[in-house]
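Following: one structure in structure tokens, then a few remarks.
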Amino acid sequence: MTFRHQDSLASLPIPDLHETCTNYLEVLQPLQTEAEHRNTVAAVDRFLKSGTGAYLDSELRNYAKSRASYIEQFWYDSYLNYDNPVVLNLNPFFLLEDDPFNNDSTTFNPQIKRATSLTLSSLKFIQALRNDTLPPDVLRNGQPLCMYQYSKLFGASRIPTNDGCMMQTDSSSNHIVVMSKSQFYWFDVLDSANNILLSELDLMVNFTSIIHDSLKTPPDEIARSSFGVLTTENRRIWANVRSSIQDNPTNSEILSIVDSSLFILCLDDIAISDLSELSKNMLCGLSILDKGIQVGTCTNRWYDKLQIIVTKNGKAGINFEHTGVDGHTVLRFVSDIYTDSILSFAQSINNNTPSLWKANSDKKPGNDADDLITIPRKLEWDLTPDLSLSLRFGETRLSDLINQNEFKHLEFKNYGSSYIKKMKFSPDAFVQMAFQAANYALYGKVECTYEPAMTKQYYHGRTEAIRTVSQESNLFVRKFFDSSVPNQDKLKFLTDACSKHSAQTKRCSQGKGVDRHLYALFCIWKRYVDDSVSAGMDQRTSITTLIDDDNESSSDKTIVGNIDKSNLSEIPDIFADGGWDKLNNTMISTSNCGNPSLRLFGFGPVSPQGFGIGYIIKDDSISICASSKHRQTERFLVTLESYFNEIKRIFSEVQQKKDTSILTTAKSIVSTLPRNNLSTLLGGYGYFDMGDDDIKSRHSPEPPFLHRNNSGFSVREIGKKLRLSEY
1 MTFRHQDSLA SLPIPDLHET CTNYLEVLQP LQTEAEHRNT VAAVDRFLKS GTGAYLDSEL
61 RNYAKSRASY IEQFWYDSYL NYDNPVVLNL NPFFLLEDDP FNNDSTTFNP QIKRATSLTL
121 SSLKFIQALR NDTLPPDVLR NGQPLCMYQY SKLFGASRIP TNDGCMMQTD SSSNHIVVMS
181 KSQFYWFDVL DSANNILLSE LDLMVNFTSI IHDSLKTPPD EIARSSFGVL TTENRRIWAN
241 VRSSIQDNPT NSEILSIVDS SLFILCLDDI AISDLSELSK NMLCGLSILD KGIQVGTCTN
301 RWYDKLQIIV TKNGKAGINF EHTGVDGHTV LRFVSDIYTD SILSFAQSIN NNTPSLWKAN
361 SDKKPGNDAD DLITIPRKLE WDLTPDLSLS LRFGETRLSD LINQNEFKHL EFKNYGSSYI
421 KKMKFSPDAF VQMAFQAANY ALYGKVECTY EPAMTKQYYH GRTEAIRTVS QESNLFVRKF
481 FDSSVPNQDK LKFLTDACSK HSAQTKRCSQ GKGVDRHLYA LFCIWKRYVD DSVSAGMDQR
541 TSITTLIDDD NESSSDKTIV GNIDKSNLSE IPDIFADGGW DKLNNTMIST SNCGNPSLRL
601 FGFGPVSPQG FGIGYIIKDD SISICASSKH RQTERFLVTL ESYFNEIKRI FSEVQQKKDT
661 SILTTAKSIV STLPRNNLST LLGGYGYFDM GDDDIKSRHS PEPPFLHRNN SGFSVREIGK
721 KLRLSEY
């Protein structure tokens, strides 16, 4: 049932090369000056006319014939060869809505109750997945989606090596690891037939005993044995430390237990209510020092795996390793376990309440249950002097990393998707244009903006990059702040920008985007060059012969077709041009993960100078979590909120003029909104228009003339001289 559509799914299409190049120029034009764009047009023209583009494209198509997806291996490589820490850079988070049944009158410990509920629901989900009874994902039109990613969600771990990372998945995993006060515990939860071993009461007892045991750990001992911080290290450092861990038999066995676990449950010993702090806690943990000793939740994590995080007051979230799974897959899991936790409570009151899955969760464990360990056991690492140093410096580097980032949230409750649709806009496109307007209001610039489009309707599909900035969006943000432009025209410019975004979203969802195709061509070229150099070959063979992982030639060529061999040793013009760098320097990275089970969703900034923005559009609200390396994140969200209110005011006034029959209603709507939102949006400054070229963002190194000695002017007697005696 779960995987019944897999064989009928089409392969991700490789777009036509000329179409990709045309679209590439289209997405770059609104980000480039006229001079920059002319250079890019010339580079693309050379790429096509030289034959390099056609040859690389041909080799890519040959390569794809024996692959599930033409981009999949390159995608994995881009993640697994990433050397920076995964925390704050790769792993996203989900913050779940509160447990609706948790209140002050509840007699159970809220943390124990929530952890038990989510763990039990997770085991039911895993059981249904393994028993092939989990209903497959489908779009609203009935189009089935690829379910392959679910096989990489549980029992999976990112393993650092000296030659990049690799993904390891234990498909027969039957235990979980629990972290509390940075200490590690484990116990079995499934038998060999995927029957659930423990009842709700059993899990509550286990979690209670784990928390009580971990509380006995002195603060200085916690800091010295916080092995989870090693997963926050630079990958090369972590690979070296991991190698030394595996040299110790005890530590190696513990590492194997952690790596192969279904997931990690993190029980945090702190109660958090502030949403920005909760977001930070779910993404990277909190850095809290007690007399110089780290006692925060940041050490109570293992970032190489899927983590379920529950705070002392029952707030819950998910942090997941992103290599093998995308947000849509984890969102289905989160939505299902949240829903099941509610249904389970209802079933405790009414046995006739329906179940979410057709799973044999009530089936008794098999004969092998006696050999399984259902009582928690503490994993006690052998702390050597070298490991102690690694933990010490890993924690201080993590604390620095956390302090270099900030996280703010906005829960906009004046309206949501229902009202946006009433205004005749696509909710997602509407919010994307809001990001453009807010950024322009603050900085007078447009920046390279990214939003992922899901391509899971294709076999092993992942995502394609939507590039939000367009000629239409640039025109909209400029006209929106022009007080001489009538409100009706402003809405027309917004409509055009939203329509353009929706059209590009549709194109990307169909696998006809720009980024994945060009990146695959770049990888084909790079592997060819790397392998040719390592092979020391004078007479270069076909690219696909060199890069084929199975060493099977997919081409009979022994020389490079009709193009000059020396051309392939040089980086192709399209990738040497500045446009390629601009497209790959995302300043505003965004993602829409809407679902009733989520309160907030987010991730760290992709660029040190940029923003990371996760957003959820509900019927009557818009929730946004923004992160940056201290780039006025809160001011950005305040500006965004002002924009949302201003658009509603503009729409209401236009409707009032259009339809006198709703005059009274319109007046009442308008009267509830601030009248000077445009001024607020501009921070109290008046209207400005940067001009078509000036709106394009460019790197701005400090000019040499800013130095006093090179300023070109002398100090003169300028201004009124104060009479100090008067003061």
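Using the UniProt record's numbering, you'd call the opening residue of the sequence shown number 1 and step up by one each time. For glycine and all other residues, C-beta sits at the position ideal for the given N, C-alpha and C. For clarity, every value in this text was computed on a predicted model and none was experimentally measured.
Tell me which same chain residues have a C-beta within less than 7 Å of the C-beta of Thr629, skipping the five on either side of it? Indexing the sequence shown from 1 puts residue 629 at position 629. This sequence places Lys at residue 629; Thr is not what is there. Closer than 7 Å at the Cβ level, and outside the excluded window around Lys629, lie Gln404, Asn405, Pro605 and Pro608.
What's the C-alpha gap between Arg235 and Tyr82? Along the sequence shown, one-based indexing puts residue 235 at 235. Along the sequence shown, one-based indexing puts residue 82 at 82. Those two C-alpha atoms are separated by around 8 Å.
Flag this pair as touching only if the segment 122 to 130 and the segment 330 to 337 have three or more C-beta atom pairs under 8 Å; answer yes or no. yes
Give me the Cα-Cα distance between Ala64 and Cys146, rounded to the nearest whole angstrom. Indexing the sequence shown from 1 puts residue 64 at position 64. Indexing the sequence shown from 1 puts residue 146 at position 146. Their backbone Cα atoms lie some 18 Å apart in a straight line.
For Tyr70, which option in Phe603, Met1, Arg462 and Thr495 has the closest C-alpha, if you only look at C-alpha atoms? The residue labelled residue 70 in the question sits at position 70 within the sequence shown. If we check each option's Cα against that of Tyr70, Arg462 comes out closest.
First through last residue of the beta strand (DSSP E) which encompasses Tyr458: Taking the sequence shown and counting its residues from 1, the one referred to as residue 458 is at position 458. Careful: Tyr458 lies outside any beta strand (DSSP E) and carries neither H nor E.
Excluding five sequence neighbours on each side, which residues of the same chain lie with their C-beta closer than 7 Å to the C-beta of Ser390? Residue 390 sits at position 390 when you count from the first residue of the sequence shown. Answer for Ser390: Leu230 and Val241, listed in chain order.
Would you kindly work out how many angstroms separate the C-alpha atoms of Ser355 and Leu60, rounded to a whole number? As a working note, residue 355 is residue 355 in the sequence shown. As a working note, residue 60 is residue 60 in the sequence shown. The straight-line gap from Cα to Cα measures roughly 46 Å.
Suppose you measure from the CA of Gln18 to the CA of Lys422; what does that come to, to the nearest Å? Start at 1 with the first residue of the sequence shown, and residue 18 comes out as number 18. Start at 1 with the first residue of the sequence shown, and residue 422 comes out as number 422. This sequence places His at residue 18; Gln is not what is there. Computed Cα separation, rounded: 39 Å.
Mind checking Thr20: buried by the 16 CB within 10 Å criterion, or exposed? Here the question's residue 20 lines up with position 20 in the sequence shown. With 16 or more Cβ atoms within 10 Å of its Cβ, Thr20 is classed as buried.
Do the CB positions of Asn91 and Gly579 come within less than 9 Å of each other? Translated into the one-based positions of the sequence shown, residue 91 becomes position 91. Translated into the one-based positions of the sequence shown, residue 579 becomes position 579. No.
Helix or strand or just coil, what does DSSP make of Ile112? Here the question's residue 112 lines up with position 112 in the sequence shown. In the structure shown, Ile112 sits in a helix (DSSP, three-state: H, G or I).
Determine the direct distance from the alpha carbon of Ser341 to that of Pro13, and round the result to whole angstroms. Here residue 13 refers to the residue found at position 13 when the sequence shown is read from its first residue. Here residue 341 refers to the residue found at position 341 when the sequence shown is read from its first residue. Distance between the alpha carbons of Pro13 and Ser341 is about 39 Å.
Enumerate in chain order the residues of its own chain whose CB-to-CB distance from Phe74 is below 8 Å, with the five nearest sequence positions on each side excluded. Against the sequence shown, residue 74 aligns to sequence position 74. Same-chain partners within the cutoff: Tyr519, Ala520 and Cys523.
Suppose you measure from the CA of Val310 to the CA of Leu267; what does that come to, to the nearest Å? By one-based count along the sequence shown, residue 310 stands at place 310. By one-based count along the sequence shown, residue 267 stands at place 267. C-alpha separation (whole angstroms): 5 Å.
Would you mind giving the Cβ-Cβ distance between Leu31 and Lys696, rounded to the nearest angstrom? I have them listed as a contact below 8 Å. Here residue 31 refers to the residue found at position 31 when the sequence shown is read from its first residue. Here residue 696 refers to the residue found at position 696 when the sequence shown is read from its first residue. Correct: roughly 6 Å between the Cβ atoms.
Of the residues Pro218, Phe101, Gly285 and Ser11, the one placed nearest Leu88, counting alpha carbons only: Here residue 88 refers to the residue found at position 88 of the sequence shown. Closest by alpha carbon: Gly285.
Rounded straight-line distance, which links the Cα of Ile373 to that of Ser589: As a working note, residue 589 is residue 589 in the sequence shown. As a working note, residue 373 is residue 373 in the sequence shown. One C-alpha to the other measures close to 44 Å.
Straight-line gap, Gln655 to Lys648 (C-alpha atoms, nearest Å): As a first step, residue 655 must be located in the sequence shown, where it is residue number 655. As a first step, residue 648 must be located in the sequence shown, where it is residue number 648. Roughly 10 Å separates the two Cα atoms.
Within its chain, find whatever has a CB closer than 6 Å to the CB of Leu275; leave out the 5 residues flanking it on each side and keep chain order. To locate residue 275, count along the sequence shown from 1; it is residue 275. Result list for Leu275: His409, in chain order.
Which residue comes first and which comes last in the alpha helix (DSSP H) that contains Leu583? Position 583 of the sequence shown, counting from 1, holds the residue named residue 583. Here the alpha helix (DSSP H) through Leu583 covers Gly578 to Leu583.
Candidates Lys312, Phe393, Ser417 and Gly317: closest to Ile293 by CA position: The count along the sequence shown starts at 1 and reaches residue 293 at position 293. It is Phe393 whose Cα lies nearest to the Cα of Ile293.
From which residue to which residue does the beta strand (DSSP E) around Gln183 run? Sequence index remark: in the sequence shown, residue 183 carries index 183 (1-based). Gln183 to Asp188 is the extent of the beta strand (DSSP E) around Gln183.
For Asn281, the nearest candidate out of Phe636, Cys625, Leu681 and Ser652 (CA to CA): What you label residue 281 is simply residue 281 of the sequence shown in a count that begins at 1. Ranking the options by Cα distance to Asn281, first place goes to Cys625.
Inter-residue CB distance, Val189 and Ile176 (contact presumed, cutoff 8 Å): As a first step, residue 189 is located in the sequence shown; it is residue number 189 there, counting from the start. As a first step, residue 176 is located in the sequence shown; it is residue number 176 there, counting from the start. Contact flag correct, Cβ pair sits at about 6 Å.
Grab me the residues of Arg467's own chain with a C-beta within less than 6 Å of its C-beta, minus the 5 sequence neighbours each way, in chain order. If you number the sequence shown from 1, residue 467 lands on position 467. Answer for Arg467: Val27, listed in chain order.
Helix, strand or coil at Phe435 [DSSP, three-state]: Along the sequence shown, one-based indexing puts residue 435 at 435. Helix, per DSSP.
Restricting to Cα atoms, I'd like to know which of Gly610, Ser173, Leu600 and Ser180 is closest to Asn584. Position 584 of the sequence shown, counting from 1, holds the residue named residue 584. Taking only the C-alpha atoms, the option nearest Asn584 is Gly610.
Starting from the C-beta of Arg599, find all residues in its chain whose C-beta is less than 6 Å away, skip the five residues before and the five after it, and write them out in chain order. Looking up residue 599 in the sequence shown gives position 599. Answer for Arg599: Leu95 and Glu97, listed in chain order.
Are the Cβ atoms of Leu203 and Ala271 separated by less than 9 Å? Counted from its first residue, the sequence shown places residue 203 at position 203. Counted from its first residue, the sequence shown places residue 271 at position 271. No, the Cβ-Cβ distance between Leu203 and Ala271 is not below 9 Å.
Same chain, Cβ closer than 6 Å to residue 743, neighbours up to 5 away in sequence not counted: Outside the shown range of the chain (1 to 727) lies residue 743, about which nothing can therefore be said.
Using 8 Å as the threshold, is the segment 192 to 207 in touch with the segment 243 to 258, meaning 3 or more CB pairs across them? no
Contact the segment 426 to 435 vs the segment 498 to 505: 3+ CB pairs below 8 Å: yes
Cβ-Cβ distance between Asn23 and Gly614 below 9 Å: As a first step, residue 23 is located in the sequence shown; it is residue number 23 there, counting from the start. As a first step, residue 614 is located in the sequence shown; it is residue number 614 there, counting from the start. Contact flag unset, no.
Ends of the beta strand (DSSP E) at Ala156? Indexing the sequence shown from 1 puts residue 156 at position 156. Unbroken beta strand (DSSP E) run through Ala156: Ala156 to Thr161.
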